[in-house]
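For reference, the structure is listed below as structure tokens.
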Amino acid sequence: MSDAPAMTSMNLALEGRAAALLPLTVRDLVLRVDRATVLDGVNLDLGASGCTMIMGANGAGKSLLLKLLHGLMPPTSGQIRWGDHAPSAVTARQALVFQKPVLLRRSVAANIDFALKARGKDMARREALLDHVGLSHKADQPARLLSGGEAQRLALARALATDPEVLFLDEPTASLDPASVLAIERIVSEARGRGVRIIFVTHDIGQARRMADDVVFLHRGRVAEHTAAASFFPEPHSDAARNYLSGTIVV
Amino acid sequence: MGEALGLAVGLVLSGDADLLQIVLLSLRVSLTATAIACLVGLLIGALVAIGRFRGRNAVLILMNALMGLPPVVVGLLVYLHLSRSGPLGFLGLLYTPTAMIIAQAILITPIIAALSRQVLEDLHAEYAEQFRSLCLTRWQTVQALLWDARYSLLTVGLAGFGRAVAEVGAVIIVGGNIDHLTRVMTTAIALETSRGDLALALALGIILLVIALGVNAAVQAVRMTAARQAYV
Chain R
1434 MSDAPAMTSM NLALEGRAAA LLPLTVRDLV LRVDRATVLD GVNLDLGASG
1484 CTMIMGANGA GKSLLLKLLH GLMPPTSGQI RWGDHAPSAV TARQALVFQK
1534 PVLLRRSVAA NIDFALKARG KDMARREALL DHVGLSHKAD QPARLLSGGE
1584 AQRLALARAL ATDPEVLFLD EPTASLDPAS VLAIERIVSE ARGRGVRIIF
1634 VTHDIGQARR MADDVVFLHR GRVAEHTAAA SFFPEPHSDA ARNYLSGTIV
1684 V
Chain C
3 MGEALGLAVG LVLSGDADLL QIVLLSLRVS LTATAIACLV GLLIGALVAI
53 GRFRGRNAVL ILMNALMGLP PVVVGLLVYL HLSRSGPLGF LGLLYTPTAM
103 IIAQAILITP IIAALSRQVL EDLHAEYAEQ FRSLCLTRWQ TVQALLWDAR
153 YSLLTVGLAG FGRAVAEVGA VIIVGGNIDH LTRVMTTAIA LETSRGDLAL
203 ALALGIILLV IALGVNAAVQ AVRMTAARQA YV
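Going down the list, the protein sequences come from chains R and C. Reminder that position 101 of the first sequence reads as 1534 in my numbering, one-by-one numbering, no gaps. Reminder that position 89 of the second sequence reads as 91 in my numbering, one-by-one numbering, no gaps.
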């Protein structure tokens, strides 16, 4: 990985831009899928900056909440507002990195080019983006032959190519080795440092401790608690979060 | 069979001008028809693959049903349109290679559309959320799907070409099997069989098979190379 990220100058313009989209306000959000209520009255307020970790057990509704916030699907009922905007109106100002990176059947470089072209960005940024995620030496290789960690770094570079004001990450480090996890966390932290608002789903408690400014804990489709990270880990308010953090299995 | 094989090899080695003309015309007609059918069929396939609209299931049934279009019926319909008294008779295309290209293109466009729709729909299922996140337009989505499925679509094109080059019913109606003008391998085979020159008919058949095998092998080689790079 490059020790000298080449993104500094190119993304200075991002500083504070996310503030225009925020605060995020979610009210009485309900999502039903095939008659099952996945999200059941979610209320949430997120401020202008930092890294929010969304945590909770499998099936708590974390990934679907991200997709709703990103405007990829409509809720059954309730309201989501990014400042004065509906989610679908600001999707183009955000980016989402999926748990399983969806890479095009093209070279590594062509995957970056695709995002740059789709959003009408300067194509000359490709080299800097690849350098930033440590993939310059693999630019001409087929993207789908990358290792898991490399593939996720490419997905992250492609997301950053769109100059997002808000970056959603849906368990991007699940099943990656520690070195790959730290590489991803470094890139995300740098993006946060440039003013990109981070909303990050994870099961990894250690990762949440390293990255989070605040934690939203979902339990059975509801927000069990939304607490600053500094107090969430030592003293979670909800029983659900306390059990989760202590590793207690509740059936 | 041995005699036919010997004759086929002899015909090819002798560089027979008439044979070469028939083979080249067959390839020109079928490759052009395939190219036209791909232009139209891939676009239809892609739009149906990503589209969600009322009556979509009916469209899918129609597309699949049209894959089985009887060549003679297509030939007859094209004949009726291109004949002197038909609506397109003024173009003077009947009994020309262009008429044969039109008939073959009509015949294989539904094949290209239906098969590509399936390929592209599967790929779109994988890409759809990523594309929505990138806010791609419908046209950008179609372009991306067609490019990323290019190696799978080669096989679809091959299926269309195979149907076109082996087809006889439509081209004999609209082409007329005129020597040095519209005679292609399949119509020549039909003619020689009716004349009783079975060895020559078999020889032409063997050449046709070799061409089909060669095209298939080339496409397979390209696909295997692409698969090694995970581009399929």
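Every residue gets a Cβ at the ideal spot worked out from N, C-alpha and C, and that includes glycine.
The CB of S118 (chain C) never comes closer than 9 angstroms to any CB in chain R; the least such distance is about 16 angstroms. The CB of L138 (chain C) comes closer than 9 angstroms to the CB of A1551 in chain R, given here in chain order. Sequence-distant Cβ neighbours of G77 (chain C) in its own chain, meaning closer than 6 angstroms and more than five residues away, are A105, G171, A172, I175 and V176. Less than 7 angstroms separates the beta-carbon of A1594 (chain R) from that of A1548 (chain R).
Restricted to the region 187 to 212 of chain C, the alpha helix (DSSP H) segments that are unbroken, complete and at least 4 residues in length are 187 to 197, listed in chain order.
Taking a beta-carbon distance threshold of 7 angstroms, V1621 (chain R) does not count as an interface residue toward chain C.
The C-beta separation of L125 (chain C) from L147 (chain C) comes to about 6 angstroms, placing the pair in contact by the 8 angstroms criterion. From the beta-carbon of V1535 (chain R), the residues of chain C found nearer than 8 angstroms are E128, Y129, E131 and Q132.
In the same chain as S85 (chain C), and ignoring 5 residues on each side of it, the C-beta atoms closer than 8 angstroms to its own belong to G91 and L96, in chain order. A straight-line Cα-Cα distance of about 10 angstroms links A205 (chain C) and L211 (chain C). Measuring C-alpha to C-alpha distances from Q1527 (chain R) to each of R:A1490, R:R1460, R:L1501 and R:R1538 identifies R:L1501 as the nearest. Residue state for R1538 (chain R) is assigned as coil, using DSSP reduced to three classes. Cβ-Cβ separation between I1513 (chain R) and F1633 (chain R): approximately 18 angstroms, too far for a contact (criterion under 8 angstroms). In chain R, no part has a C-beta under 8 angstroms from the C-beta of S85 (chain C); the shortest such distance is about 47 angstroms. Relative to the Cα of G1480 (chain R), the nearest Cα in the group R:L1651, R:P1534, R:G1654 and R:R1630 belongs to R:R1630. T1485 (chain R) is bridged by DSSP to R:I1632 and R:D1647. Within the DSSP bridge table, the entry for H1518 (chain R) names R:W1515 as partners. The continuous beta strand (DSSP E) containing L1602 (chain R) extends over residues V1599 to D1603. Per the DSSP secondary-structure output, Q1527 (chain R) pairs in a beta bridge with R:V1599. For H126 (chain C), no beta strand (DSSP E) run applies; the uninterrupted alpha helix (DSSP H) run containing it begins and ends at P99 to S135, by DSSP. Inclusion of G162 (chain C) and I114 (chain C) in the CB contact set at 7 angstroms is warranted, their separation being smaller than that value.
R1539 (chain R) and L13 (chain C) have their C-alpha atoms roughly 45 angstroms apart. The continuous stretches of beta strand (DSSP E) do not include R1559 (chain R), which lies in the alpha helix (DSSP H) extending over residues R1559 to H1565. For R165 (chain C), the enclosing alpha helix (DSSP H) covers residues R152 to V167. Only exposed fits R1468 (chain R), as fewer than 16 other CB atoms lie within 10 angstroms of its CB. Short of 6 angstroms from the beta carbon of A1572 (chain R), and not among the five residues preceding or following it, lie these beta carbons of its own chain, in chain order: V1541, A1542 and L1563. For the region 147 to 169 of chain C, residues whose beta-carbon sits nearer than 9 angstroms to a beta-carbon of chain R comprise W149, D150, A151, R152 and Y153. Interface flag for L1529 (chain R) against chain C is set, since a Cβ pair is found closer than 7 angstroms. Contact of R1577 (chain R) with chain C by beta-carbon distance below 7 angstroms involves A232. Rounded to whole angstroms, the separation of the alpha carbons of Y153 (chain C) and G70 (chain C) is 24 angstroms.
Note: L1457 (chain R) is bridge-paired with R:L1479 and R:W1515 in the DSSP secondary-structure output.
Chain-order list of chain R residues neighbouring Q142 (chain C): A1551, by C-beta distance under 8 angstroms. Residue environment for M1556 (chain R): exposed (fewer than 16 other C-beta atoms within 10 angstroms of its C-beta).
With three or more CB-CB distances shorter than 8 angstroms, the region 12 to 27 of chain C counts as touching the region 187 to 207 of chain C. Annotation for A1657 (chain R): the continuous beta strand (DSSP E) segment containing it runs R1655 to A1661.
For V234 (chain C), there is no enclosing alpha helix (DSSP H), as DSSP gives it neither H nor E.
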